[in-house]
Every structure is written in structure tokens, then in C-alpha cells.
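Below is one structure, written out as C-alpha cells, with a few remarks after it.
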């Protein structure tokens, strides 16, 4: 059945990436998703008691074997360069340090979410989270 | 208008501990 109220987001594409969504930073400040800067994430993580920001470098991007709508992105995470692969919709946006929102298919991201977006490429360093006291 | 926490926008990439 068609989605209600004209919403046409594919499943598993969260609503907070739609342009104009209101995001609350750790200090209580409210910003639109498209206005977020690298510093907003860094400062929020500094305030956070349990989350820390890790640098995740894109090592490989390939199409999913199960669906053309998905891509598999392999990251090298943190100082230990742990290898982590995630399967995401091609329009799923990641925040690249010093650059902003990027996805495997920025045209689709802009079309579906109206979120200004650049092309995610191998070598890009994305913001990711881990637990502070993970030992 | 819904307000979303900042950390919901960031993928949680927990590296597997190898040590």
C-alpha cells in the first residue's frame, strides 16, 4: 500500500535526514540537519558521558549482492583501524569530517531528502561513534 | 515538530576488539 501523507521515504531511511529536521546538540542547541558542522558533532561528543567520536575512513564501496538499492561500505575505524562493513541504502548520508553530508548516490539523497550531499568516496573520513568506556 | 538527538545521525561503528 502507498505510504500515508505523501511520505515516500524508503524503508530504513530515517526521517531525521530530511532537510529541515530539527536536531538537538548535546548542549541543548537546536539546528537544522543541513546546517550541522563537524564541530557540532565533536563538541557534542565531548559533552557526552558515554559516546566518543571515531574517525572512520572509507576503504571500499561496492554494490550489494542482494539489492541494487543498497551498497556495502567498508570502513577502517578508530586508531586500531578495525574493519567494519555496513550495508546501507545508496542514498544513506554519512557526515564526512570538514566536508558535510555525503552518500554513495548523492543525486538520490538530494531527490529523496532534499539534503545537500556530495559523493562518498574511498579515502573520505566519516564521523562515527563508539562507547567511551569500551574496553 | 519532532526533535532528534544529534547522535541518532551518526552511525555507531563499534570495532570488534581484537586484543
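Chains as they are written, first to last, in the working numbering: chain A, 499 to 633; chain B, 44 to 62.
C-beta: ideal position from N, C-alpha, C; glycine also.
Since the model is a prediction, treat every value here as computed from it, not as a measurement.
Q. By how many angstroms is the C-alpha of residue 630 of chain A removed from the C-alpha of residue 547 of chain A?
A. 8 Å
**Q.** Beta-carbon contacts of residue 539 of chain A that lie in its chain and below 7 Å, excluding the five residues immediately before and after
**A.** 551, 593 and 625
Q: At 8 Å on the CB atoms, spell out the chain B contacts of residue 595 of chain A, in chain order.
A: In chain order: nothing, as chain B lies at least about 12 Å away.
Q) Taking only runs of the beta strand (DSSP E) that begin and end inside the segment 567 to 620 of chain A, which ones reach a length of at least 3 residues, in chain order? A) 568 to 575, 580 to 587, 592 to 594 and 598 to 601
Q | Straight-line Cα distance separating residue 609 of chain A from residue 534 of chain A | A | 19 Å
Q.
Could you compute how far the alpha carbon of residue 44 of chain B sits from the alpha carbon of residue 604 of chain A?
A. 26 Å
**Q.** Cβ distance (whole Å) where residue 542 of chain A is taken to contact residue 56 of chain B below 8 Å
**A.** The Cβ separation is near 17 Å, so there is no contact.
Q. Counting pairs of Cβ atoms below 8 Å between the segment 568 to 581 of chain A and the segment 44 to 53 of chain B, do you hit three or more?
A. no
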